[in-house]
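In the numbering used here, the protein residues as written are 108 to 430. See structure below.
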């Protein structure tokens with residue numbers, strides 16, 4: 108069984124060598140590494156070209172900047188393996204990742220992995236173990252993942268390439284949250300899922316350039332609309348309307364928190380008013396609220412937002428900022 112590893116690359120010359128090395132030292136050797144240079148302006152493109160010349164399993168591709176989602180889609184189009192695993196250019200993986208993945212692929216379409224979030228010097232920051240959700244039903248897992256209560260990131264799972272191609276599944280072009288619809292579609296289409304729970308096999312490096320640190324006031328508002336539109340097109344909306352409401356509320360909390368940190372004065376008041384208007388217009392009053400798929404923080408503030416009251420959220424953000 109061949110594993111296709113897809114890496115979107117954008118200005119990652121400080122980290123790319125370690126990323127590539129972690130794939131090359133895998134104990135399982137039947138893999139290909141698709142490095143998609145997404146219009147880098149540093150030395151990343153040269154470094155992946157050098158790596159490709161040294162190992163025929165490494166393929167370097169260059170394209171104009173289109174975002175991480177489109178870069179991953181390019182990799183899916185080119186992949187020749189049986190399973191696809193995603194890796195970000197500033198992260199690295201354990202040498203036994205593919206060996207531990209192999210036996211799971213014989214019976215399952217999707218295999219989730221455990222992640223350690225580490226600092227630039229390798230210090231453990233956060234344990235993000237998908238395996239702690241392995242006792243959930245597929246339906247509960249899907250709903251909790253839709254709202255982000257269960258992280259949806261593309262790197263958190265390996266997926267059958269046949270499943271992706273048979274269902275025409277790819278990433279959206281959003282700068283943040285491009286994995287949300289992808290993750291829903293993958294699990295909705297999958298016949299079964301499994302987990303690598305022996306040990307964490309992926310190491311997410313937390314640094315100032317990380318995608319999650321992008322200063323975007325409303326990173327997920329458009330993602331909520333995108334997911335809703337897809338569900339409507341597929342005739343699935345009524346089934347998941349309450350969870351879409353929960354995702355709408357979660358995305359609003361995230362946006363209000365960022366607005367409080369990013370703006371002051373009249374600009375902040377206008378941004379808050381616009382975001383609350385979007386929340387109200389996007390909220391489906393004919394559907395319930397999927398409280399089970401909300402995080403504890405979201406549950407705490409849900410009664411206020413549902414009544415159009417955002418002040419408690421802003422106060423909590425301000426206190427956190429001061430602390």
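Just so you know, even glycine gets a beta-carbon here, dropped at the ideal spot from N, CA and C. Note that the structure is a prediction, hence the values are computed from the model and not measured.
In the DSSP assignment, residue 172 falls outside any beta strand (DSSP E) and carries neither an H nor an E.
Secondary structure note for residue 236: its beta strand (DSSP E) is the uninterrupted segment 231 to 236. Comparing C-alpha distances from residue 194 to each of 349, 156, 305, 312 shows the shortest one belongs to 312. Uninterrupted alpha helix (DSSP H) stretches at least 4 residues long and entirely within the segment 312 to 395 occur at 328 to 340, 344 to 369, 372 to 389, given in chain order. Cβ neighbours of residue 137 within its own chain (closer than 6 angstroms, five residues either side excluded): 109. With a 10 Å radius around the Cβ and a threshold of 16 neighbouring Cβ atoms, residue 350 comes out buried. DSSP, read as helix, strand or coil, puts residue 426 in helix. In the pairwise beta carbon analysis, the segment 129 to 149 is classified as touching the segment 166 to 186: at least three pairs are separated by under 8 angstroms. Under the DSSP definition of a beta bridge, residue 416 lacks any partner. About 21 angstroms separates the CB atoms of residue 263 and residue 323; that is not less than 8 angstroms, and the two are not in contact. Of the candidates 174, 134, 128, 158, 174 places its Cα closest to the Cα of residue 147.
In terms of Cβ geometry, residue 387 and residue 415 form a close pair [threshold 8 angstroms]. A distance below 8 angstroms separates the beta carbons of residue 119 and residue 196.
For residue 280, same chain residues with a beta-carbon under 6 angstroms away, outside a window of 5 residues either side, are 174, 176, 177 in chain order.
Within its own chain, the residues whose Cβ lies closer than 6 angstroms to the Cβ of residue 201, once the five positions on either side in sequence are excluded, are 308, listed in chain order. By the criterion of at least three beta-carbon pairs nearer than 8 angstroms, the segment 281 to 288 is not in contact with the segment 203 to 210. In terms of Cα proximity to residue 411, the closest of 428, 357, 378 is 357. Using a 10 angstroms sphere on the CB of residue 382, the tally of other CB atoms reaches 16 or more, which defines it as buried. Sorting 428, 419, 402, 425 by C-alpha distance to the C-alpha of residue 250 places 402 at the top. Taking the Cα of residue 229 as reference, the smallest distance to any Cα among 209, 133, 199 is reached at 199.
Unbroken alpha helix (DSSP H) runs of no fewer than 4 residues, entirely contained in the segment 133 to 190, are found at 151 to 161, 175 to 185, following chain order. Straight-line spacing of the CA atoms in residue 427 and residue 239 works out to 28 angstroms. If the five residues before and after residue 258 are omitted, its C-beta is found closer than 7 angstroms to the C-beta atoms of 235, all from its own chain and listed in chain order.
Setting aside the 5 residues that flank it on each side, residue 155 is surrounded in the same chain by 116, 123, 127, 142, 144, 165, 167, each with a C-beta closer than 8 angstroms to its C-beta; the list follows chain order. Counting other Cβ atoms within 10 Å of its Cβ, residue 378 reaches 16 or more and is therefore classed as buried. Separation of residue 380 and residue 149 (C-alpha to C-alpha, rounded to the nearest whole angstrom) is 39 angstroms. Of the candidates 153, 212, 404, 304, the residue whose Cα lies closest to the Cα of residue 242 is 304. Beta-bridge partners assigned by DSSP to residue 300: 217. Counting C-beta atoms within 10 angstroms of its own C-beta, residue 215 has 16 or more neighbours from the protein chains shown and is therefore classed as buried.
When the alpha-carbon of residue 188 is set against those of 129, 111, 208, the nearest one is in 111. If you draw a straight line from the Cα of residue 373 to the Cα of residue 422, it is about 17 angstroms long.
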